[in-house]
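For the protein sequence lines, the chains are A and B, in the order given.
Quick note on numbering: full-length UniProt numbering labels position 90 of the first sequence as 90, and the sequence is numbered without any gaps.
Quick note on numbering: full-length UniProt numbering labels position 18 of the second sequence as 18, and the sequence is numbered without any gaps.
Just so you know, even glycine gets a beta-carbon here, dropped at the ideal spot from N, CA and C.
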Amino acid sequence: MTTQEAEPSGATGLFIYGIVPSDVEPTPDAEGVGDPAGEVTAVRHGDLAALVSEVGLEEPMGRPADLTAYQTLLDGTAAVAPVLPVRFGTVVTGQDAVAELLEAHHDRFAAALDEFEDRLQYTVHGRFDEEEMISDFLTENSAAAALAEQVRGRQEAETREKRIRLGEMISQGVELRREAENRALIEALTPYAVAHAPRPPSSELDAMNVAFLVATDDEEDFVRAVEDFAEQRRGLVRMRLLGPLAPYDFVSAHQLVA
Amino acid sequence: MTIATTSGAQGGALERSGGGGNGGTLADVVETVLDKGVVIDAQVSVAVVGIQLLEINARVVIASVETYLRFAEAVDRLSITPKNQKGLPDLVGDTAGAATKGKAISGLGKAAQEISGAVADSLGDRGPDRERERPRRRRDEER
């Protein structure tokens, strides 16, 4: 990522959160990044507006509170209006720069916002219960089960080779299972989602990790379908549903490449 | 580490966190937000002061020898009970079946059926319970 050494206008810049239709008005209690929290305002241009707040250019950015403020603002906005999240940490020199940005990409942003009208993101994340997962695997795989018998209760030093082999078999088993679970999840939820975007696993015990774009009319059915899916895997997978969220996984970086 | 799956007041199998980091952890926020969103880069004729991207290795998952050894260690912790041993529901089911099939002394058969019925009910309780009100976030609760 290129960082330009721009001349600071005073010592502050504008942190951009996201792009919204021009009729969106930040509520007075909306809190931005920074310490103390910046006041969030809208810079308007044509049919668009950018949600911004002033930040000191010397100020360190990326504290946990900053990330949370950023997400809170975007998710809160997404609940009432379409929003295109702008990547965390994007700071420009001032209002003119924001207006210029909106001008340069006006139609593309407007079209993207149309797509997100009445749509929200939900992220479904599942993690295998290690014990259940492994004992399932050993039940199905006799070679691994035999190996498990040979290492169980023995010193790691004397069974290291076998342990590595066994662990690798389990690891591959988890991977296959993960692929299958992700497929099953997408299949189960496709009827209730407009789009889906797979997310990379966040741990070696990840069972599934997929973002879904859901129409507000289908939210209840979608959530019920996730609940049913989770119920079928009770004990094996600890499942979590995050959302409703701004459509983070559905705005792609290349949207701006001309 | 993974713990028991039951969470949420309803005993549902699904854990929920609202948006805006509500009820979520910092890890959730980082995972949800980082490296996402529209990128405004230098080719746009806008003065971009800075895009500070945090280097987070958390999402890079590479299987390694350490992972393998950890899995093998988990095998040590597994209970020795073979997986195919029958659990309680199966056993009770069998009992009820036997009593019904054999048309044994009716009182006893009925008792056994009642027991199995009770077990089935309690298992049913764990199933997706659609009648129950789920907590739904209200839109106007946004901060």
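Identify which residue in A:H196, A:E219, A:V43 has its Cα closest to the Cα of L101 of chain A.
-> In the first sequence, the residue the question calls residue 101 of chain A occupies position 101. Considering only alpha carbons, the answer is A:V43.
Looking at chain B, which residues of the region 57-71 of chain A have a Cβ within less than 8 Å of any of its Cβ atoms?
-> L57, M61, G62, P64, L67, T68, Y70, Q71
With DSSP run on the structure shown, which of helix, strand or coil describes H196 of chain A?
-> Residue numbering aside, residue 196 of chain A sits at position 196 when the first sequence is read from its first letter. Reduced to three states, the DSSP call for H196 of chain A is strand.
Measure from the C-beta of S202 of chain A to each C-beta in chain B and report whether the shortest distance is under 7 Å.
-> Looking up residue 202 of chain A in the first sequence gives position 202. Output row for S202 of chain A: interface = yes.
Counting Cβ pairs, one atom from each stretch, are 3 or more of them under 8 Å apart for the region 46-60 of chain A and the region 20-33 of chain A?
-> A contact exists between the region 46-60 of chain A and the region 20-33 of chain A.
Have a look at A:K162, A:V52, A:R240, A:P82 and flag the residue whose alpha-carbon is nearest the alpha-carbon of V98 of chain A.
-> Translated into positions along the first sequence, residue 98 of chain A becomes position 98. If we check each option's Cα against that of V98 of chain A, A:V52 comes out closest.
Go ahead and label D249 of chain A buried or exposed: buried means 16 or more other beta carbons lie within 10 angstroms of its beta carbon, across all protein chains shown.
-> Within the first sequence, the letter at position 249 stands for residue 249 of chain A. With 16 or more other Cβ atoms within 10 Å, it is buried.
Give the residues of chain B in contact with Y192 of chain A, contact being defined as C-beta atoms less than 9 Å apart.
-> By one-based count along the first sequence, residue 192 of chain A stands at place 192. Contact of Y192 of chain A with chain B by beta-carbon distance below 9 Å is absent, the smallest such distance being about 15 Å.
Say whether the region 174-181 of chain A touches the region 211-220 of chain A, bearing in mind that this needs 3 or more beta-carbon pairs closer than 8 Å, one atom from each stretch.
-> no
Could you tell me whether the Cβ of F212 of chain A comes closer than 7 Å to any Cβ of chain D?
-> The structure shown has no chain D; the protein chains it does contain are A and B.
Would you mind telling me which residues of chain A sit closer than 9 Å to T25 of chain B, beta carbon to beta carbon, in chain order?
-> Taking the first residue of the second sequence as 1, we reach residue 25 of chain B at position 25. Those within 9 Å of T25 of chain B in chain A number zero; the least Cβ separation is about 10 Å.
Closer than 8 Å by beta-carbon distance: list the chain B residues that pair up with D249 of chain A, in chain order.
-> Taking the first sequence and counting its residues from 1, the one referred to as residue 249 of chain A is at position 249. Correct list: K36.
Using 7 Å as the limit for Cβ to Cβ distance, is R240 of chain A near chain B?
-> Numbered from its first residue, the first sequence carries residue 240 of chain A at position 240. Output row for R240 of chain A: interface = yes.
Tell me, please, whether the CB atom of S17 of chain B is closer than 7 Å to any CB atom in chain A?
-> Here the question's residue 17 of chain B lines up with position 17 in the second sequence. At least one chain A Cβ lies under 7 Å of S17 of chain B.
N- and C-terminal bounds of the alpha helix (DSSP H) containing residue 259 of chain A | The first residue shown for chain A is 1 and the last is 258, placing residue 259 of chain A beyond what the model contains.
Is L147 of chain A helix, strand or coil by DSSP?
-> Residue 147 of chain A sits at position 147 when you count from the first residue of the first sequence. If DSSP states are grouped into helix, strand and coil, L147 of chain A belongs with the helices.
For chain B, find out if any of its Cβ atoms is closer than 7 Å to the Cβ of V86 of chain A; answer yes or no.
-> Residue 86 of chain A sits at position 86 when you count from the first residue of the first sequence. Chain B, which has a Cβ nearer than 7 Å to the Cβ of V86 of chain A, makes this yes.
Use the C-beta contact count for G89 of chain A: other C-beta atoms within 10 angstroms, 16 or more gives buried, fewer gives exposed.
-> To locate residue 89 of chain A, count along the first sequence from 1; it is residue 89. By the 10 Å Cβ count, G89 of chain A comes out buried.
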